[in-house]
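Notes follow once the structure below has been shown.
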Amino acid sequence: MTTIRQRRVGKGTDAAEDQPSEETNVKPDRKIPPDPPGRKLWNILSITFGGIVAISLGLLTSVYVATLHENDLWFSNIKEVEREISFRTECGLYYSYYKQMIQAASIQQGLHGLVYDNKTESVRTINILERMNVYQEVFLSILYRILPIQQYLEPVYFYIYTLFGLQAVYVIALYVTSWLLSGTWLSGLLAACWYITNRVDTTRVEFTIPLRENWALPFFAVQIAAITYLLRTHLQPAQERLTLMAVFIATFLFSLTWQFNQFMMLIQALALFILDCLDMIPTAKVTWLYIIQISGLLLVCVLQFFNSMILGSLLISFNVSVLIARTIQKNLKKGGLLNRLGKLILHALLVLCLTLLINKFIKKILNLESDEHIFKFLKAKFGFGATRDFDANLYLCEEAFGLLPLNTFSRLSSTLLFYIYGFVLFLLTVAAVIVAFRNLSGSNQVQLKEKKEEYTVTLKPDAAYSLVHTVLFGCLALSTMRMKYLWTSHMCVFASFGLCSPEVWKLILKCLHLYTSQRTQVIKYSIPIITLLYISFKFWPGIMDELSELREFYDPDTVELMNWIKSNTPSTAVFAGSMQLLAGVKLCTGRTLTNHPHYEDKNLRERTKQIYQIYAKRSPGDVYGILRSFGTDYVILEDSICYERRHSRGCRLRDLLDVANGHIMDGLGENEPDLKPSLYPRFCEEIKKNLPSYTMHFTRVFQNKTFHVYKLAKHK
1 MTTIRQRRVG KGTDAAEDQP SEETNVKPDR KIPPDPPGRK LWNILSITFG GIVAISLGLL
61 TSVYVATLHE NDLWFSNIKE VEREISFRTE CGLYYSYYKQ MIQAASIQQG LHGLVYDNKT
121 ESVRTINILE RMNVYQEVFL SILYRILPIQ QYLEPVYFYI YTLFGLQAVY VIALYVTSWL
181 LSGTWLSGLL AACWYITNRV DTTRVEFTIP LRENWALPFF AVQIAAITYL LRTHLQPAQE
241 RLTLMAVFIA TFLFSLTWQF NQFMMLIQAL ALFILDCLDM IPTAKVTWLY IIQISGLLLV
301 CVLQFFNSMI LGSLLISFNV SVLIARTIQK NLKKGGLLNR LGKLILHALL VLCLTLLINK
361 FIKKILNLES DEHIFKFLKA KFGFGATRDF DANLYLCEEA FGLLPLNTFS RLSSTLLFYI
421 YGFVLFLLTV AAVIVAFRNL SGSNQVQLKE KKEEYTVTLK PDAAYSLVHT VLFGCLALST
481 MRMKYLWTSH MCVFASFGLC SPEVWKLILK CLHLYTSQRT QVIKYSIPII TLLYISFKFW
541 PGIMDELSEL REFYDPDTVE LMNWIKSNTP STAVFAGSMQ LLAGVKLCTG RTLTNHPHYE
601 DKNLRERTKQ IYQIYAKRSP GDVYGILRSF GTDYVILEDS ICYERRHSRG CRLRDLLDVA
661 NGHIMDGLGE NEPDLKPSLY PRFCEEIKKN LPSYTMHFTR VFQNKTFHVY KLAKHK
């Protein structure tokens, strides 16, 4: 098992005509007076200074996470094999393609090796560029080869520094989003500080560097910032076109770098759908965003050699359904409250039915089953019947796919983030309900009168989008812990915006009958500054202590295994074992694998279940036959899986296999009535006894405290 130990000293468009609500707050015949020269100069200075602060905070965050990574592993001092082992599970698999491209004789040969890959899955040739989101590794490897930096910078450092550099982009995008929402860069400063002080819950880049989300989330944050700017009123046509281009580029890069992009953008599309139905953002802009999502995803589909999983995504089906339904129902935004509510319910039902029909039709035509494990997992997770499906249970038993732990909220509360977030969320939700009710009631025209306008509760389109975005992604995070990073980063933006927003304080002071414009200005600056001072005084010492703590990577058993494989097995040897370990085997040794952690393929999932019979109660002949059918030469058994204690009974890998095979689980506890005892003992335990029935098929060739490697006999 990999551990971290203390380091030893001395070791060297315009809005649609069915006008949405934000336009009701602006008098149509009123011209905005130009700013006086002094005010214009002040704005320029403020923007310049705010921009410098944003860039500085982004760079500091990048250096901060890079330093943590170095201090945690002593990355600069450990051997290359140890560096590669530190890229655990699927991270190692993705990095292996970067290494493969770097080591190829030419760029063309490297690309050919990815398009016609026969080492990732034995006895099978697959297209890595079609199957996986690794264009970022391809781009980086080409960049490294053509830039004159080889003698100054090792390939691994070029890779990890790029990822840490993207953290700067991430923080700057969060900063800018908060600034755009509130109108002051002080809000962006607070958002960035919250992101850093809540690092445990906002990012995991320092220990899962090549993970797809670490590539994708910075682009997603840029996309949200661009959408926030797009939803502003009174944009010039040129500004709107440039912003739409920025949204498209960010959407495309986000989609290209993460296989789960379609699910995240589906939630985003749902947010836009809700706001459009409630007349809270311009329909024309929403339409453009739907089209951008579809076109970005289709462009990625082309680059991934027409990946069928993209074509069969719910996002494309949903967006197309919304556009069709809107064409069918043309008078959605006319009529009284009850009339419009009835139309909206019918509209939602029509969109739902069309989405399911279109998606079912596409999957039927393409014979698509790549994502069926996700829907099986969701069905079991939300209680729509128990399942014995091995793949679904594999996800259900992982902590990362469980509910968000309650201690997350205590950590977020220690920086005041969760308290302020909850307060702002409550206020803006109330405001949104009032505005939505007013819009649906058709009473917007009344609010144009100046006297009433002064006392009307309003919600800007960008703030409305941010509200629904944070609510939907909050629900996702609460249900699936792994997705919390999409929520917590936006939580920093949302809370800081609310604390610095003059509209929020204006609403509060009016409710308390204490409103004056001067008082609003004082509060919107003083409260954030006090919060920043509190965060600084409370967490600065802890950050300094964290940066001074020095540890080192320590995993001698895995290092010994990788070195043995490189020295004692032919380069064409095929290895079977757990998905997580085999990713490291490919990266460190270049040997061929039977299975790997990139699980978005039905054939691979079935293959993995078969390979995992080495941990089930099966006969040696059965296991040998399964392994040889995949061309296996060596099988690696791990004691940490065979005698697993990390999970409780029912969630251990051997339990999942027993249930899937119809066998009673080990240990005390209940079993389902139709499960029966197996005729054979557990393979991974029994093989160590060197019984003749096992030794005729398997010969142990390597052993240490963690791993046992067996060579398969080649019977005629």
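In UniProt numbering, the protein residues as written are 1 to 716. C-beta atoms are modelled at their ideal positions from N, C-alpha and C, and glycine is treated no differently. Please read all numbers here as calculations on a predicted model, not as lab measurements.
With distances taken between CA atoms, residue 402 lies nearest to 381 out of 418, 411 and 381.
For residue 505 against residue 524, the beta-carbon gap comes to about 5 Å, under 8 Å, which counts as contact. By the criterion of a C-beta distance shorter than 7 Å, residue 579 is surrounded in its chain by 595, 596, 597 and 608, once the five residues flanking it on both sides are discounted. For residue 69, the three-state secondary structure derived from DSSP is helix.
Short of 8 Å from the beta carbon of residue 70, and not among the five residues preceding or following it, lie these beta carbons of its own chain, in chain order: 76. Contact between residue 683 and residue 623 holds: their C-beta atoms lie close to 5 Å from each other, under 8 Å. Put simply, the backbone Cα of residue 551 is about 31 Å away from that of residue 653. Segment contact: the segment 535–544 against the segment 510–520, fewer than three CB-CB distances shorter than 8 Å; contact not assigned.
In the structure shown, residue 676 adopts extended strand secondary structure according to DSSP, grouped into three states.
Counting C-beta pairs with one atom in each stretch, the segment 83–92 and the segment 201–213 have three or more that are closer than 8 Å, which means they touch. Here residue 293 is buried: its Cβ has 16 or more other Cβ atoms, across all protein chains shown, within 10 Å. In the DSSP assignment, residue 117 is bridged to 126.
Residue range 484–500 is occupied by the alpha helix (DSSP H) that includes residue 493, with no beta strand (DSSP E) assigned at that position. Here the C-alpha atom of residue 486 lies approximately 41 Å from the C-alpha atom of residue 675. CA-to-CA, the gap between residue 224 and residue 63 works out to about 24 Å. Following the DSSP letters along the chain, one finds residue 643 in no alpha helix (DSSP H), marked with neither H nor E.
Here residue 548 is exposed, its C-beta having fewer than 16 other C-beta atoms within 10 Å. Residue 472 places its beta carbon 9 Å or farther from that of residue 345. Under the three-state reduction of DSSP output, residue 467 falls in the helix class. Put simply, the backbone Cα of residue 171 is about 23 Å away from that of residue 289. For residue 220, the number of other beta carbons within 10 angstroms of its own is at least 16, and it is reported as buried.
Around the Cβ of residue 306, a 10 Å sphere holds fewer than 16 other Cβ atoms; the residue is exposed. At the C-beta level, residue 534 and residue 227 stay beyond 9 Å of one another. Distance from the CA atom of residue 121 to the CA atom of residue 592, rounded to whole angstroms, is 7 Å. Leaving aside the five residues that flank residue 649 on each side, the residues in its chain whose CB is nearer than 7 Å to its CB run, in chain order, 655, 665, 667 and 669. Per DSSP, the unbroken alpha helix (DSSP H) holding residue 355 starts and ends at 337–366. In the three-state reduction of the DSSP assignment, residue 701 falls in the strand class.
The beta carbon of residue 374 sits closer than 6 Å to no other beta carbon from its chain once the five residues preceding and following it are set aside. In the structure shown, the three-state DSSP call for residue 572 is coil.
DSSP, reduced to helix, strand and coil, places residue 39 within a helical segment of the structure shown.
Straight-line measurement puts the Cα of residue 702 at about 12 Å from the Cα of residue 558. The way I'd put it, the segment 353–364 doesn't touch the segment 626–638; fewer than three beta-carbon pairs between them come closer than 8 Å. The C-beta of residue 202 has 16 or more other C-beta atoms within 10 Å across all chains shown, which makes the residue buried. Contact annotation, residue 499 with residue 57: C-beta distance approximately 17 Å; criterion of less than 8 Å not satisfied. Comparing alpha carbon positions, the residue from 562, 673 and 697 closest to residue 79 is 562. According to the DSSP secondary-structure assignment, residue 592 is paired through a beta bridge with 574.
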